[in-house]
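Since the structure comes first, as C-alpha cells, the remarks are kept for the end.
2 protein chains.
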Amino acid sequence: MEARHLRYALALAEHQHFGRAAKAVGIAQPPLSKQIAQLEGEVGARLFDRTARGVFPTAAGEAFLARARRALAEMEAAAGDAERAARGETGRLRLGFVGSALLELLPSVLNRFSRDHPHVRLQAAEMSTARGGRALLDGELDVCVGRGAPRGPGAREIVTVAVGRDRLVAVVGAAHPYAGQAAVSVGQLREQHLITASAEEEPATFARLRQAGGDGVFTHRGWTGARDVHTIMGLAACGLGVGLGPASMRAARRPDTWICDVTPGVVLPDLVMSFRADDASPVQAAFLAVTRDLCPHVGAALG
Amino acid sequence: MEARHLRYALALAEHQHFGRAAKAVGIAQPPLSKQIAQLEGEVGARLFDRTARGVFPTAAGEAFLARARRALAEMEAAAGDAERAARGETGRLRLGFVGSALLELLPSVLNRFSRDHPHVRLQAAEMSTARGGRALLDGELDVCVGRGAPRGPGAREIVTVAVGRDRLVAVVGAAHPYAGQAAVSVGQLREQHLITASAEEEPATFARLRQAGGDGVFTHRGWTGARDVHTIMGLAACGLGVGLGPASMRAARRPDTWICDVTPGVVLPDLVMSFRADDASPVQAAFLAVTRDLCPHVGAALG
DNA sequence: TCCGGCCATACCTGGCAGGTATCGGCAGCG
DNA sequence: CGCTGCCGATACCTGCCAGGTATGGCCGGA
Numbered sequence: 001m002e003a004r005h006l007r008y009a010l011a012l013a014e015h016q017h018f019g020r021a022a023k024a025v026g027i028a029q030p031p032l033s034k035q036i037a038q039l040e041g042e043v044g045a046r047l048f049d050r051t052a053r054g055v056f057p058t059a060a061g062e063a064f065l066a067r068a069r070r071a072l073a074e075m076e077a078a079a080g081d082a083e084r085a086a087r088g089e090t091g092r093l094r095l096g097f098v099g100s101a102l103l104e105l106l107p108s109v110l111n112r113f114s115r116d117h118p119h120v121r122l123q124a125a126e127m128s129t130a131r132g133g134r135a136l137l138d139g140e141l142d143v144c145v146g147r148g149a150p151r152g153p154g155a156r157e158i159v160t161v162a163v164g165r166d167r168l169v170a171v172v173g174a175a176h177p178y179a180g181q182a183a184v185s186v187g188q189l190r191e192q193h194l195i196t197a198s199a200e201e202e203p204a205t206f207a208r209l210r211q212a213g214g215d216g217v218f219t220h221r222g223w224t225g226a227r228d229v230h231t232i233m234g235l236a237a238c239g240l241g242v243g244l245g246p247a248s249m250r251a252a253r254r255p256d257t258w259i260c261d262v263t264p265g266v267v268l269p270d271l272v273m274s275f276r277a278d279d280a281s282p283v284q285a286a287f288l289a290v291t292r293d294l295c296p297h298v299g300a301a302l303g
Numbered sequence: 001m002e003a004r005h006l007r008y009a010l011a012l013a014e015h016q017h018f019g020r021a022a023k024a025v026g027i028a029q030p031p032l033s034k035q036i037a038q039l040e041g042e043v044g045a046r047l048f049d050r051t052a053r054g055v056f057p058t059a060a061g062e063a064f065l066a067r068a069r070r071a072l073a074e075m076e077a078a079a080g081d082a083e084r085a086a087r088g089e090t091g092r093l094r095l096g097f098v099g100s101a102l103l104e105l106l107p108s109v110l111n112r113f114s115r116d117h118p119h120v121r122l123q124a125a126e127m128s129t130a131r132g133g134r135a136l137l138d139g140e141l142d143v144c145v146g147r148g149a150p151r152g153p154g155a156r157e158i159v160t161v162a163v164g165r166d167r168l169v170a171v172v173g174a175a176h177p178y179a180g181q182a183a184v185s186v187g188q189l190r191e192q193h194l195i196t197a198s199a200e201e202e203p204a205t206f207a208r209l210r211q212a213g214g215d216g217v218f219t220h221r222g223w224t225g226a227r228d229v230h231t232i233m234g235l236a237a238c239g240l241g242v243g244l245g246p247a248s249m250r251a252a253r254r255p256d257t258w259i260c261d262v263t264p265g266v267v268l269p270d271l272v273m274s275f276r277a278d279d280a281s282p283v284q285a286a287f288l289a290v291t292r293d294l295c296p297h298v299g300a301a302l303g
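Top line first, the protein sequences correspond to chains H and G. Counting from 1, one number per residue, gives the positions in the first sequence under the UniProt record's numbering. Counting from 1, one number per residue, gives the positions in the second sequence under the UniProt record's numbering.
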C-alpha cells in the first residue's frame, strides 16, 4: 500500500464520484478505478459501495478513511517538522555554562535566541568549565560555555569559538583595606588570602593565575577555591580575603563589595563556546549565529 | 512523497548502513541511495549524515523519522481496521427494539453478539415499532426490532426478517376473577376493559387485535393504550383491566399477576428485525447472522 | 425502449523504480 | 605514503506499473 492509495480513497470519499475524484487528484477515471480496486484487494475488504446515486464508503471504508486521513497528516507533518528542524527552528539545545557567562554574554544571547527560535526547547544549566567539557563529550550537552577550551581525552573532537575576553579584577568586602582603591598590584595580592576558581573545575583560569603570580606564589598565604563568580564575590563580601575573577563581575557587583583593577593587567582565558565536532545540528548552528551576531568579540577557535 | 520513502528512511535509520538497509527492504543499494536523496530533496533538508562510521539521522532526520513511524503505523492500522470492520468485528450498531424483544430474543442475541464482536459499540434503546421504523429510515438506527414490518413512506427501502412469533395471552392482576384460569375466550374479553399496545405506536399489533375481536369490539368497554409490555403488565397488576400481549410475557411474569391463554388462539404479528436496504454494513450482517444462529424462528421477510 | 451517465475492462505507453557496473573518497595498514 | 578494502554516489539500462485512451456493460429515467 502506498500513500497514493490513501489520497485516492480520500478524494473518492469526498467527491462520491469516480470521474470527479480522478480529476481532483489529476488522473483519469480508469486508473482511479484500478487503484481503488487494488487497494480493496490489498486491504481484503470492499471500501466503497458503487450505487446509482453515487459512491459511498462502506463501514470498512469509513474505518479506513479515518486512519488514512491521520496517516497523510503525519506524512505532511514529517516533512514540515524536518524542514523546520533543518532550519534550526525546532529541536532541543542543551547548554552548560560557567556562572560568569551569565554576567554579560548569555542574557542577550539567550533572550534573542529564544525569541527567534521559540520552538527550540532550551535546557541551560550552570556548571564549571571542566564539567561542561566532560558533559559535552559524553553527549549530555550540545553546547557549553566555559573559560578556556575544554581539555582532556578526546578534546580534539570539540570545536571551540572564543566569545569573550576579560581582564582580571580583584573583589574585596566593603571593610577591606583595598576598598576604594582603583587598583591593586600583583605584588600586593601575594600577601593576601585569595579566593579564586578551583584548580580542578577551572583549570585554564587557575593556570593563568599561577602564571601571572609566579608559580605557587598566589597560594602561600592561603587559598580558597570557589565554584563560580558569585561564590567568589560572596566570600569576598564576607571578608574572607581577596577574590579574583573576570572584569564582567562589575556587571553584578554587590553593594557590600569593592572591585579594583589588577596591575599589571592580567588577561583571563577567553570565554569559549564549545561544540562537538561531529554534531552539525542546525539548532547549534543557529545558536552560534545568534552569538556571532550579538557578540563582536567572537573569534576563531583557540585550539 | 510515498510510503516507500518512509519505509526506506526507517530501514536506513535502523541499520545505519545503505547496503544492509537496502537488503532489509528487498532492493539493491543504489536505488536506496537514490530514493533517500529524492526524499531529502522533497523535504528540503538533509535527513542523514553519511560518516565513515555509519549513516546517522540528522536533527531533521530524527524529527522526520518520528512522524514517519506514526504515519506507517496509521497506514497499517487503516488496513487492519478496515478488514475487521468488513468482518463486522468493529464499528457501531445502533439498535432500537420494542420492550417485548427484551423478554426472549434480545438477551441471548445481545449477549452472544457482544461476546463475539467485542469491538462493536452497541447502542440499544427501547422504543415502539413505529418510532423504530422512523428512526431507521432517518438513519438514526442501524437495526430495529418491532412487531410487524415498519410501515410508512419509503417503507420499501427497509428489509425485514421475522425473528419470532407469539400467541396472544391475557394478563390480569392477582385479584382479578380470571386469576387462576387457564384460558379466557375472546368472547369474555369483549366484556373487559382492555390494556393493549397503542394504535399509533404499534399499528400492526393493534390491527391484529381488532381483527381478532371483530372491528371495534375490543374497545367498547373502555381501552387503555400502553407503551410496552411492562406497562401492560404493570397496569394489569394494578387491577385496571385485562392486559393483552405476547406469550413471551410469561418469561417476565410478575408475582402479582396471572397470565392465561386466549381462545381461540390469536397469533400476534411477527417480531421483526429491520434494516435499511441500502446499508449493507458488515456489522449489521454479523448481527443478523448471530440472530439466525440463535433463533430457529427466523424466516423470510413478511413484506 | 432508447438514451445518457457512470464505472469497469481492455489495451497501450512512458516514466520511474530498481537492476548492474563502476567511480570516488576515506580509513586503516604495511 | 601508496595500497587496499569498504561504502556511498553516479551512470546507465530495463522491466514493471501507473496512468493514458477507447470501449463495453449496467442502470435509471424519459
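Glycine included, every Cβ here is placed at the ideal spot set by N, Cα and C. None of these values were measured; they are calculated from a predicted model.
- Using a C-beta cut-off of 8 Å, the segment 278-294 of chain H makes contact with the segment 109-126 of chain H, since at least three inter-stretch Cβ pairs fall below that distance.
- Non-local beta-carbon contacts of leucine 39 of chain H in its own chain, meaning distances under 8 Å to residues more than five positions away in sequence, involve Met1, His5, Tyr8, Ala9, Leu47 in chain order.
- Between the alpha carbons of glutamate 74 of chain G and glycine 96 of chain H lies a distance of about 39 Å.
- Contact between valine 172 of chain G and tryptophan 258 of chain G holds, since their C-beta atoms are separated by about 5 Å, short of 8 Å.
- Threonine 51 of chain G counts as exposed, since fewer than 16 other beta carbons sit within 10 angstroms of its beta carbon.
- In the pairwise beta carbon analysis, the segment 238-255 of chain G is classified as not touching the segment 121-131 of chain G: fewer than three pairs are separated by under 8 Å.
- Here DSSP, grouped into helix, strand and coil, assigns serine 281 of chain G to coil.
- The C-beta of valine 267 of chain G has fewer than 16 other C-beta atoms within 10 Å across all chains shown, which makes the residue exposed.
- In this structure, histidine 193 of chain H places its C-beta atom within 9 Å of the C-beta atom of tryptophan 223 of chain H.
- Between alanine 212 of chain H and leucine 168 of chain H, the gap from beta carbon to beta carbon is short of 9 Å.
- Residue contact with chain G for phenylalanine 64 of chain H: present (Cβ-Cβ distance below 9 Å to some residue of chain G).
- Between arginine 151 of chain H and glycine 132 of chain H, the C-beta gap is not smaller than 9 Å, which leaves the two residues out of contact.
- Chain order gives no chain H residues near proline 118 of chain G, where near means a beta carbon separation below 9 Å; the closest approach is about 16 Å.
- By the rule that beta-carbons nearer than 9 Å mark a contact, glutamate 74 of chain G touches chain H.
- If you check the CB distance, glycine 88 of chain H and threonine 231 of chain H do not come in under 9 Å.
- Residue-level contact check: glutamate 14 of chain G does not touch chain H, since none of the beta carbons of chain H fall below 9 Å from its beta carbon.
- Residue H:Ala101 holds the alpha-carbon nearest to the alpha-carbon of glycine 148 of chain H among H:Pro264, H:Pro31, H:Ala101, H:Gly44.
- Note on the segment 207-264 of chain G: whole beta strand (DSSP E) runs with a minimum of 3 residues are 223-226, 242-246, 257-263, in chain order.
- Any Cβ of chain H closer than 9 Å to the Cβ of valine 283 of chain G would place that residue at the interface, and such an atom is present.
- For alanine 37 of chain G, none of the residues of chain H pass the 9 Å Cβ criterion, the least Cβ distance being about 14 Å.
- A distance below 9 Å separates the beta carbons of aspartate 293 of chain H and arginine 112 of chain H.
- In this structure, valine 272 of chain G lies away from threonine 90 of chain G, with their beta-carbon atoms at least 9 Å apart.
- Within chain G, no residue has its beta carbon less than 9 Å from that of glycine 54 of chain H; the closest one is some 11 Å off.
- Against chain G, the CB of alanine 124 of chain H has no partner CB under 9 Å away; the residue lies outside that interface.
- Between alanine 21 of chain H and glutamate 62 of chain G, the C-beta spacing is not below 9 Å.
- Within the segment 40-90 of chain H, complete alpha helix (DSSP H) segments of at least 4 residues are found at 59-86, given in chain order.
- Against chain G, the beta carbon of aspartate 81 of chain H has neighbours under 7 Å at Ala63, Phe64, Arg67, listed in chain order.
- The C-beta of glutamate 201 of chain G comes no closer than 9 Å to any C-beta of chain H.
- For histidine 17 of chain H, the three-state secondary structure derived from DSSP is coil.
- At a cut-off of 9 Å between C-beta atoms, threonine 58 of chain H counts as an interface residue with respect to chain G.
- For alanine 130 of chain H, no beta strand (DSSP E) encloses it; the enclosing alpha helix (DSSP H) starts and ends at 129-137.
- Secondary structure of glutamate 157 of chain G (DSSP, three-state): helix.
- Chain-ordered listing is empty here: chain H has no CB closer than 7 Å to the CB of glutamate 157 of chain G, the nearest sitting near 12 Å.
- Chain H places no beta carbon closer than 9 Å to that of alanine 277 of chain G, leaving this residue out of the contacts.
- At least one CB atom of chain G sits nearer than 9 Å to the CB of arginine 84 of chain H.
- One Cα belongs to aspartate 81 of chain G, the other to proline 107 of chain G, and the distance between them is close to 28 Å.
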